[in-house]
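Chemist: Using this note's numbering, read the sequence shown as starting at 240 and increasing by one per residue.
Heads up, the beta-carbon is just placed ideally off N, CA and C, and yes, glycines get one too.
All values derive from a computational prediction rather than experimental measurement.
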Amino acid sequence: PLPCLQFHKGKRHYQIALSDILFLHSDHVYVEIHTLHHQKILCRSPLKCLLAQLPAEQFVQTHRSYIVNLQHVSRLEKDALYVRDTPIPISRSRRKAVLASLYDD
Numbered sequence: 240p241l242p243c244l245q246f247h248k249g250k251r252h253y254q255i256a257l258s259d260i261l262f263l264h265s266d267h268v269y270v271e272i273h274t275l276h277h278q279k280i281l282c283r284s285p286l287k288c289l290l291a292q293l294p295a296e297q298f299v300q301t302h303r304s305y306i307v308n309l310q311h312v313s314r315l316e317k318d319a320l321y322v323r324d325t326p327i328p329i330s331r332s333r334r335k336a337v338l339a340s341l342y343d344d
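(1) Ignore the nearest five residues each way along the sequence and tell me which others in Gln278's own chain have a CB closer than 7 Å to its CB.
(2) Might you give, ordered along the chain, the residues of its own chain that have their beta carbon closer than 6 Å to the beta carbon of His267, omitting 5 neighbours on each side?
(3) Using the beta-carbon count (16 or more within 10 Å), is His273 buried or exposed?
(4) Against chain C, with Cβ distances strictly below 8 Å, would Gly249 count as a contact?
(5) Does the contact criterion of 3 or more C-beta pairs under 8 Å hold for the segment 310-329 versus the segment 281-291?
(6) Following the continuous alpha helix (DSSP H) through Ser340, name the residue where it begins and the one where it ends.
(7) Taking all protein chains shown into account, do 16 or more other C-beta atoms lie within 10 angstroms of the C-beta of Tyr305, making it buried, or fewer, making it exposed?
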């Protein structure tokens, strides 16, 4: 079985393959999970709970509201990563850790 992110939404149980996740964006009590297939799946869970399920070598928190799948990063600028054409902010406090994750290979 593929490694996946698991969560419940109402009475439904979701499993999303990690390789299909582009990034996660937290907005108050909800997290939007953006996927490779142009889906946005809404999940009511704290971002830190979802982060705990994700492998650190593949995912990095770039900002208090964003977690990015490093496999889908297309470019890096001073204060943002790009996943496809979507800019994902990098906070000053997380910049060093983000760069270390990107260039660890």
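Modeler: Per the coordinate set shown:
(1) none
(2) none
(3) buried
(4) Of the chains in the structure shown, none is chain C; there is only one protein chain.
(5) no
(6) Arg334 to Leu341
(7) buried
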